[in-house]
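Trainee:
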Amino acid sequence: MSTNLPSPRVFLVLVALATLAHGQTTSGKYNAVIQGAPVTQNLGASVVNLTLAAGDNLIITPGYLYITGTSITNDGTITVGDGNGLFIDGTTTATLSGSGKVILTDSTVRFCGGDGNAALISDQTIQGQGSLGLGMNLTNNSTIKATGGTLSVVPNNLVNNGVMEAAGGGTLEIGNYYSGTNTNGVIKALDGRMVLLDGACTAGTLTTVKAA
331 MSTNLPSPRV FLVLVALATL AHGQTTSGKY NAVIQGAPVT QNLGASVVNL TLAAGDNLII
391 TPGYLYITGT SITNDGTITV GDGNGLFIDG TTTATLSGSG KVILTDSTVR FCGGDGNAAL
451 ISDQTIQGQG SLGLGMNLTN NSTIKATGGT LSVVPNNLVN NGVMEAAGGG TLEIGNYYSG
511 TNTNGVIKAL DGRMVLLDGA CTAGTLTTVK AA
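Residue numbers 331 to 542, in the numbering used here, belong to the letters of the sequence shown in order.
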């Protein structure tokens, strides 16, 4: 007997979560695991923890994806479209880890927090433009890269243990609510790019890199 199975190219496990790919709003009580071809979240959703397998893509547009748990494990690519965002909910401390990256595609994109007590520990690259860190604390252990426009990094408190840079047509702005430390980190402007510091920068390395 033969059985027709769905194509293995898209395998979306949302543990009693219905289908994030078709934009159904969720209650934020379940984990999401994405494996396979690109998945588009197109009406907003709330999940506990999020996992992307190697080589996979999650496209957030339109709406926000709310994370209520402590883990975003991303071995693929999370792309946030115009006017949309990733939101660390409540008083959660979430860790962004894995071999992938997060791309913020437009000046209207936000990767932000809830009531000011949320926190993000970033162990992978976040790049692009828009707003990062509003309403939460931010620890960067990897790379934050402004590309294609202005990326405003505006957390309540910033700890930079990695690299924050302006590159590829980008301007990096660290300000507004900045009261952090750069003791173990590097802040740099690549050739022809600009870094704007609004507030004290404690220790670490500030540098410019001129193209050969």
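By construction, the Cβ of each residue, glycine as well, lies at the ideal position given by its N, Cα and C atoms.
This one's a predicted model, so the numbers in the text were calculated from it and none came from an experiment.
When the Cα of THR423 is compared with those of GLY443, THR370 and LEU526, which residue comes out closest?
Mentor: Indexing the sequence shown from 1 puts residue 423 at position 93. Checked all of GLY443, THR370 and LEU526; the closest Cα to THR423 is GLY443.
Trainee: With a threshold of 8 Å on Cβ separation, who are the neighbours of GLY499 within its own chain once the five nearest residues in sequence on each side are excluded?
Mentor: Along the sequence shown, one-based indexing puts residue 499 at 169. Result list for GLY499: THR477, GLY478, GLY479 and ARG523, in chain order.
Trainee: DSSP state of GLN365, grouped into three classes?
Mentor: The residue given as residue 365 occupies position 35 in the sequence shown. GLN365: strand per DSSP, three-state reduction.
Trainee: What did DSSP end up calling ASP281 once you bin it into helix, strand or coil?
Mentor: Residue 281 is absent from the model: the chain starts at 331 and stops at 542.
Trainee: Can you round the beta-carbon distance between ALA383 and GLY399 to whole angstroms, since I take them to be within the 8 Å contact cut?
Mentor: In the sequence shown, the residue the question calls residue 383 occupies position 53. In the sequence shown, the residue the question calls residue 399 occupies position 69. The pair is not a contact, with the Cβ atoms about 18 Å apart (cut-off 8 Å).
Trainee: Please report the distance separating the alpha-carbon of SER420 from that of ASN467.
Mentor: Here residue 420 corresponds to residue number 90 of the sequence shown, with the count starting at 1. Here residue 467 corresponds to residue number 137 of the sequence shown, with the count starting at 1. At residue 420 the sequence reads Gly, which differs from the Ser that was named. Distance between the alpha carbons of GLY420 and ASN467 is about 12 Å.
Trainee: Do LEU416 and LEU388 have their C-beta atoms closer together than 7 Å?
Mentor: Position 86 of the sequence shown, counted from the start, is the residue given in the question as residue 416. Position 58 of the sequence shown, counted from the start, is the residue given in the question as residue 388. No.
Trainee: Give me the residue from ASN486, ILE474 and VAL439 with the minimum Cα distance to ALA448.
Mentor: The residue given as residue 448 occupies position 118 in the sequence shown. Out of ASN486, ILE474 and VAL439, ASN486 has the C-alpha closest to the C-alpha of ALA448.
Trainee: Applying the 10 Å Cβ sphere with the 16-neighbour rule, what's the burial state of ASP412?
Mentor: Translated into the one-based positions of the sequence shown, residue 412 becomes position 82. So ASP412 counts as exposed.
Trainee: Once DSSP output is grouped into helix, strand and coil, what is the label at LEU520?
Mentor: Locating residue 520 in the sequence shown gives position 190, where the first residue counts as 1. Here LEU520 sits in coil by DSSP.
Trainee: Do you know how far the Cα of LEU426 is from the Cα of VAL520?
Mentor: Start at 1 with the first residue of the sequence shown, and residue 520 comes out as number 190. Start at 1 with the first residue of the sequence shown, and residue 426 comes out as number 96. According to the sequence as given, residue 520 is Leu; it is not Val. Each residue's Cα considered, the two are about 25 Å apart.
Trainee: Give me, in chain order, the residues of the same chain whose beta-carbon lies closer than 8 Å to that of VAL439; leave out the 5 immediate sequence neighbours on both sides.
Mentor: Taking the sequence shown and counting its residues from 1, one reaches residue 439 at position 109. Only VAL410, GLY411, ASP412, GLY413, ASN414, GLY415, GLY458, GLN459, GLY460 and SER461 meet the Cβ criterion.
Trainee: Please report the residue range of the beta strand (DSSP E) in which SER452 lies.
Mentor: If you number the sequence shown from 1, residue 452 lands on position 122. It spans 448-452 - the beta strand (DSSP E) in which SER452 sits, taken as one unbroken run.
Trainee: On the three-state DSSP scale, how would you describe ASN470?
Mentor: Residue 470 sits at position 140 when you count from the first residue of the sequence shown. DSSP places ASN470 in strand when its eight states are reduced to three.
Trainee: Considering GLY458, what are the terminal residues of the beta strand (DSSP E) in which it resides?
Mentor: Taking the sequence shown and counting its residues from 1, the one referred to as residue 458 is at position 128. That run of the beta strand (DSSP E) goes 455-462.
Trainee: I need the straight-line Cα distance from ALA533 to ASN514, nearest angstrom please.
Mentor: Position 203 of the sequence shown holds residue 533. Position 184 of the sequence shown holds residue 514. When rounded, the distance between both Cα atoms is 8 Å.
Trainee: Please identify the residue among GLY385, LEU488 and ASN361 whose C-alpha is closest to the C-alpha of ALA375.
Mentor: Working through the sequence shown from its first residue, we reach residue 375 at position 45. Out of GLY385, LEU488 and ASN361, the CA that lies nearest to the CA of ALA375 is found in ASN361.
Trainee: Could you have a look at ALA424 and say whether DSSP puts it in helix, strand or coil?
Mentor: Your numbering for residue 424 matches position 94 in the sequence shown. Looking at ALA424 - three-state DSSP - the assignment turns out to be strand.
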